[in-house]
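So for the sequence shown, the working numbering puts the first residue at 184; every next one is plus one.
The beta-carbon is built from N, C-alpha and C at its ideal position, and this holds for glycine as well.
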Amino acid sequence: MAGNNLSRGAVQGGFDMHRTYGYKNFIVDVETESTDGSRSGTVLSVPGGYVAVVRISSAASPAPVEKLRVTRDDGSPFVTEAEALMRGYGVAQRIVDDMIALAKPGPKR
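Pasting the structure below:
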């Protein structure tokens with residue numbers, strides 16, 4: 184199941200793009216949220232851009248993992264919606280892989 188679900192929002196600060204991915208029996212929903220930047224006095228201190236909002240759920244339990252907001256490593260927003268979607272999906276893949284690894288029983292001693 185590839186990212187076939189696409190919706191656009193017209194409201195600044197709202198969700199703009201949405202993709203749903205299947206990954207190792209989990210469902211990953213990634214949305215972009217536009218940011219218009221924040222002002223500190225007369226200077227724009229945080230540039231506008233996009234953050235990824237990620238939700239992970241499994242077929243076995245429809246309750247999602249806590250909603251995650253993903254930004255660049257330095258906390259700044261992504262420049263494009265495409266970058267936000269792909270980075271959000273990449274973070275979700277790592278989380279799913281870690282959850283699967285933790286769920287596997289360790290070697291017996």
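In the DSSP annotation of this structure, the continuous segment of the beta strand (DSSP E) that includes Asp212 starts and ends at 209-218.
Taking the Cα of Val213 as reference, the smallest distance to any Cα among Gly231, Pro260, Val274, Asp257 is reached at Val274. Between Arg202 and Leu251, the gap from beta carbon to beta carbon reaches 8 Å or more.
The C-beta of Arg277 has fewer than 16 other C-beta atoms within 10 Å across all chains shown, which makes the residue exposed. A residue is called buried when at least 16 other Cβ atoms come within 10 angstroms of its Cβ; Asp199 meets this threshold and is buried. Rounded to whole angstroms, Glu249 and Arg238 show a C-alpha spacing of 7 Å. Rounded to the nearest angstrom, the gap between the Cα atoms of Val234 and Asp257 is 12 Å. Within the stretch 229-261, the complete beta strand (DSSP E) segments of 3 residues or longer fall at 232-241, 251-253, listed in chain order. Arg255 and Arg270 have their C-alpha atoms some 9 Å from each other.
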